[in-house]
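For the sequence shown, the working numbering gives the first residue as 1, with consecutive numbering after it.
Here is the structure we will look at, set down as structure tokens.
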Amino acid sequence: MKTLVTDLASSRKMQWEFQPEGGAWSAIQVPAGGWRTQGFRCDAGTYRTSFLVPHQAKGKRVRLEFEAVNFGATVWVGREESTLVQVASHLGGWLPFGVDITDVVTPGQCCVVRVEVLGRERFKYEGKYTVPTAAPWFDGLAEGILRGVRLELVPTVRIVNVFVKTSVADERVEVYATLHNTRNQRVSVDVPVRFSGQNGTRFSYPRLKPVRVTVGAGETREFLVGQAAWTLGRESYWWPNVPYRKNYRTVLHRVAVRVLERKKTLHAVDQCFGFREFRAVGHTYRLNGVRCNLRGDNQQEANFGTDAYGMAAGFQSPTARCAGWPGAVDNLQRLNFNVLRIHQVPATRSMLEVCDEKGLMIVDETPIRGSERVEDAIAGRECRLSTVRALVRRDREHPCVVLWSVANEFFWPDSPDRVACERLARMLQAVAREEDGTRPVIFDGLEEMGPDVINMQHYVGGCGLFPQGGQPRRDRPYGETESIWPVDNCAMGFAWMGTSTRTRRLRENADIRNYVLNNAWPNYVPGQSRKNQLLERKIKNIEWPVAQVVPREIMPDIAQPWAHPLIRLLQQSFHPVAVWDLEFDAVNQYSDHAGNWPVIEPPLPAGAWVVRPLVVFNDEFAGEEITVEWEVRGRRTELSGEKKLHVPCGEHRSCPVSFIVPTAGERFQFIVRARKGGKICFQEDRMGFRILKVPR
Numbered sequence: 001m002k003t004l005v006t007d008l009a010s011s012r013k014m015q016w017e018f019q020p021e022g023g024a025w026s027a028i029q030v031p032a033g034g035w036r037t038q039g040f041r042c043d044a045g046t047y048r049t050s051f052l053v054p055h056q057a058k059g060k061r062v063r064l065e066f067e068a069v070n071f072g073a074t075v076w077v078g079r080e081e082s083t084l085v086q087v088a089s090h091l092g093g094w095l096p097f098g099v100d101i102t103d104v105v106t107p108g109q110c111c112v113v114r115v116e117v118l119g120r121e122r123f124k125y126e127g128k129y130t131v132p133t134a135a136p137w138f139d140g141l142a143e144g145i146l147r148g149v150r151l152e153l154v155p156t157v158r159i160v161n162v163f164v165k166t167s168v169a170d171e172r173v174e175v176y177a178t179l180h181n182t183r184n185q186r187v188s189v190d191v192p193v194r195f196s197g198q199n200g201t202r203f204s205y206p207r208l209k210p211v212r213v214t215v216g217a218g219e220t221r222e223f224l225v226g227q228a229a230w231t232l233g234r235e236s237y238w239w240p241n242v243p244y245r246k247n248y249r250t251v252l253h254r255v256a257v258r259v260l261e262r263k264k265t266l267h268a269v270d271q272c273f274g275f276r277e278f279r280a281v282g283h284t285y286r287l288n289g290v291r292c293n294l295r296g297d298n299q300q301e302a303n304f305g306t307d308a309y310g311m312a313a314g315f316q317s318p319t320a321r322c323a324g325w326p327g328a329v330d331n332l333q334r335l336n337f338n339v340l341r342i343h344q345v346p347a348t349r350s351m352l353e354v355c356d357e358k359g360l361m362i363v364d365e366t367p368i369r370g371s372e373r374v375e376d377a378i379a380g381r382e383c384r385l386s387t388v389r390a391l392v393r394r395d396r397e398h399p400c401v402v403l404w405s406v407a408n409e410f411f412w413p414d415s416p417d418r419v420a421c422e423r424l425a426r427m428l429q430a431v432a433r434e435e436d437g438t439r440p441v442i443f444d445g446l447e448e449m450g451p452d453v454i455n456m457q458h459y460v461g462g463c464g465l466f467p468q469g470g471q472p473r474r475d476r477p478y479g480e481t482e483s484i485w486p487v488d489n490c491a492m493g494f495a496w497m498g499t500s501t502r503t504r505r506l507r508e509n510a511d512i513r514n515y516v517l518n519n520a521w522p523n524y525v526p527g528q529s530r531k532n533q534l535l536e537r538k539i540k541n542i543e544w545p546v547a548q549v550v551p552r553e554i555m556p557d558i559a560q561p562w563a564h565p566l567i568r569l570l571q572q573s574f575h576p577v578a579v580w581d582l583e584f585d586a587v588n589q590y591s592d593h594a595g596n597w598p599v600i601e602p603p604l605p606a607g608a609w610v611v612r613p614l615v616v617f618n619d620e621f622a623g624e625e626i627t628v629e630w631e632v633r634g635r636r637t638e639l640s641g642e643k644k645l646h647v648p649c650g651e652h653r654s655c656p657v658s659f660i661v662p663t664a665g666e667r668f669q670f671i672v673r674a675r676k677g678g679k680i681c682f683q684e685d686r687m688g689f690r691i692l693k694v695p696r
């Protein structure tokens, strides 16, 4: 049998009440973004509701499952207010937890639930937060019950979690199931596993023999319940939407796991998985054995308002009026982004499911934060370790997740607790690897810690300056994964998001991300606008000299994005197959303050024989033969040529081309194209040169 679920949301006609600390009881919607979105100004409060425990609960375990409660929760349950019993306590934000309430409820009778919640201000030690806060600069950070509550009826022996480990290198699949036995005696059960297709996909899946396992009384334990060779080939792998294709859907599969006792099904779980492998190899990443260069952006929920991921239409399923999160993902992919870091505030499960299906790679980050130095990582050590564990356990089933970022800007070189922080950093990394050894673990925005830690750099050279890229090394991937900010909300910074990406691609950064797209294009998430977003720099009141030259407002909404010149510059700069003129880009890496690009037309002597240093990129996952075409268009001249190159996937090659500069007119246009498989996949026609007349 499957888990029987009852949604306890207000939208399902559940009646919830809330009492802010020191205040009176009043009605509240749950989840609805917690208490801040509903006008309550408090640091603590209590929720309560009541419901009828279904008759079907007889002989089963009854559980309450909370999708998220920020930041501390104590749960009380009983048949009436006077007989409530504390059944659980939880510390941490944005991640799920559950509690078994079987022993304090009766099937067919009323049940009262009270949840006492403490906000982040109640978790401080010597003025610093002991819980991960994700965005401490935002005073509207969601608090209370978020993202959902449900009642579940489960068998006495149940499947807690299923994790499918896939290896392309070994052509092997392994299925792990975590089983929980609530009986007072051990039990032996058979666990059959079956693979099937998703979205109409059909393969000759391997068949697995059921395994018999024994679970001790009261024990929760993970078992290897199935393993087999996977010989279905490249067509069965999960691949991102690269190059961009409208309406693209990845190849996904399903796994069904059952628990049988004397041939009777006790519990069954059916879930989706993708067959793929993402690894760090030397200074590169490899997806399914092919070099994979990550190029994209970061997304911070706090920029969009209180519990935006749980509340705002642009992060939900599409409707007739809003394209929802699928529309946002499509916009990112159409920019030729292949990755997005969900920065600090974890995404909802449904957001990750969309990325699974549409093929957008995700850097999944915890709410642990070193920026602003307002968190006490040492006093809050256990909470941080449990936060990493909870995030990885929740999200490891999603093929879109390629990296775990266990913390953002975790510590600074002059930190008085440097040694303790470094020790904790390795503990966080170890927990992530313990829960999932199939993906690399990184620290986003951390100084060098040695060859055992993959650290990504932020703002190389300084905030608001032109990005230079991460420090090269050969033993681990490197990259600059936050840049541009706090000048990202002006046209010049918008242009730099494109031109600096070219620089970093040349320097072989394995991971390139700007910060942050919504300040330049505020409505890339459907339904969003500059009017309902927050400018982090403004809230923090940052007045650095570099920031004073740009406005203190987010840029205007873009009504026709795909006709916008800076959007086109982004598309060209992030294009997986690209041809650029190195010298032309070098003199045009900086736009003017209005964001115009290019701004300089270099002079070339009339009639001179010149060699243009082209470079060709191939960041697709198949096809290594590229034809480069070029044209010179002057007033009376048209020249053209082509070269065929072999460019391995994930790499770039130089491709010098030569021609005679036209003599007629004042300027000429230089056009370059790339063909792959006989089709034009890239064209740049905005390069111009002035014709320098040479005196005779």
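We put the beta carbon where it would ideally sit given N, CA and C, even for glycine.
Source: prediction; values computed, not measured.
Is the Cβ of residue i closer than 8 Å to any Cβ of chain B?
{"i": "residue 33", "result": "Absent from the structure is chain B; it holds one protein chain and no more."}
Locate the alpha helix (DSSP H) running through residue i, then write down its first and last residues.
{"i": "residue 565", "result": "565-574"}
{"i": "residue 350", "result": "349-358"}
By the DSSP assignment, the beta strand (DSSP E) with residue i in it spans what residues?
{"i": "residue 605", "result": "603-605"}
{"i": "residue 52", "result": "44-52"}
{"i": "residue 472", "result": "Segment: none, residue 472 is in no beta strand (DSSP E) and carries neither H nor E."}
{"i": "residue 340", "result": "339-343"}
{"i": "residue 687", "result": "679-692"}
Rounded C-beta distance between residue i and residue j? I'm assuming under 8 Å.
{"i": "residue 177", "j": "residue 206", "result": "Contact doesn't hold; Cβ gap of about 17 Å is too wide."}
{"i": "residue 513", "j": "residue 364", "result": "Not quite, the Cβ-Cβ distance comes to about 14 Å (not below 8 Å), so this is no contact."}
{"i": "residue 165", "j": "residue 348", "result": "About 24 Å separates the two Cβ atoms, so there is no contact after all."}
{"i": "residue 136", "j": "residue 374", "result": "5 Å"}
{"i": "residue 232", "j": "residue 4", "result": "Rounded, the Cβ-Cβ distance is 34 Å, inconsistent with contact."}
{"i": "residue 295", "j": "residue 339", "result": "7 Å"}
{"i": "residue 400", "j": "residue 411", "result": "That pair is no contact at about 29 Å."}
Tell whether a beta-carbon distance below 8 Å holds between residue i and residue j.
{"i": "residue 293", "j": "residue 650", "result": "yes"}
{"i": "residue 444", "j": "residue 408", "result": "yes"}
{"i": "residue 465", "j": "residue 546", "result": "yes"}
{"i": "residue 535", "j": "residue 519", "result": "yes"}
{"i": "residue 490", "j": "residue 577", "result": "no"}
{"i": "residue 199", "j": "residue 234", "result": "no"}
{"i": "residue 602", "j": "residue 587", "result": "yes"}
{"i": "residue 70", "j": "residue 34", "result": "yes"}
{"i": "residue 558", "j": "residue 533", "result": "no"}
{"i": "residue 391", "j": "residue 498", "result": "no"}
{"i": "residue 594", "j": "residue 634", "result": "no"}
Please work out which residues of its chain come closer than 7 Å, Cβ to Cβ, to residue i, disregarding the five sequence neighbours upstream and downstream, and give them in chain order.
{"i": "residue 325", "result": "314, 315, 316, 351, 354"}
{"i": "residue 323", "result": "526"}
{"i": "residue 387", "result": "92, 95, 132, 366, 367, 368"}
{"i": "residue 53", "result": "62, 105, 106, 107, 108, 109, 111"}
{"i": "residue 473", "result": "283"}
{"i": "residue 15", "result": "49"}
{"i": "residue 236", "result": "203, 251, 275"}
For residue i, I'd like the list of residues in its chain whose CB is within less than 8 Å of its CB, leaving aside the five on either flank, ordered along the chain.
{"i": "residue 685", "result": "669, 671"}
{"i": "residue 713", "result": "Beyond the ends of the chain as shown, which are 1 and 696, falls residue 713; an answer cannot be given."}
{"i": "residue 157", "result": "179, 180, 181, 182, 183, 187, 189, 215, 259, 261, 266, 267"}
{"i": "residue 620", "result": "242, 243, 576, 577, 649, 676"}
Have a look at the options and flag the residue whose alpha-carbon is nearest the alpha-carbon of residue i.
{"i": "residue 267", "options": "607, 631, 2", "result": "2"}
{"i": "residue 271", "options": "279, 371, 395, 26", "result": "395"}
{"i": "residue 195", "options": "638, 269, 48", "result": "269"}
{"i": "residue 138", "options": "614, 628, 538", "result": "538"}
{"i": "residue 636", "options": "646, 621, 662, 658", "result": "662"}
{"i": "residue 281", "options": "440, 311, 231, 340", "result": "440"}
{"i": "residue 80", "options": "210, 113, 58, 521", "result": "113"}
{"i": "residue 679", "options": "622, 222, 626", "result": "626"}
{"i": "residue 169", "options": "320, 128, 279", "result": "279"}
{"i": "residue 481", "options": "475, 548, 500", "result": "500"}
{"i": "residue 124", "options": "222, 43, 673", "result": "43"}
For residue i, which residues from the same chain have a beta carbon less than 6 Å from its beta carbon, with the 5 sequence-adjacent residues on both sides left out?
{"i": "residue 631", "result": "640, 671"}
{"i": "residue 88", "result": "75, 99"}
{"i": "residue 148", "result": "31, 67"}
{"i": "residue 167", "result": "277"}
{"i": "residue 160", "result": "178, 180"}
{"i": "residue 402", "result": "278, 361"}
{"i": "residue 659", "result": "632, 639"}
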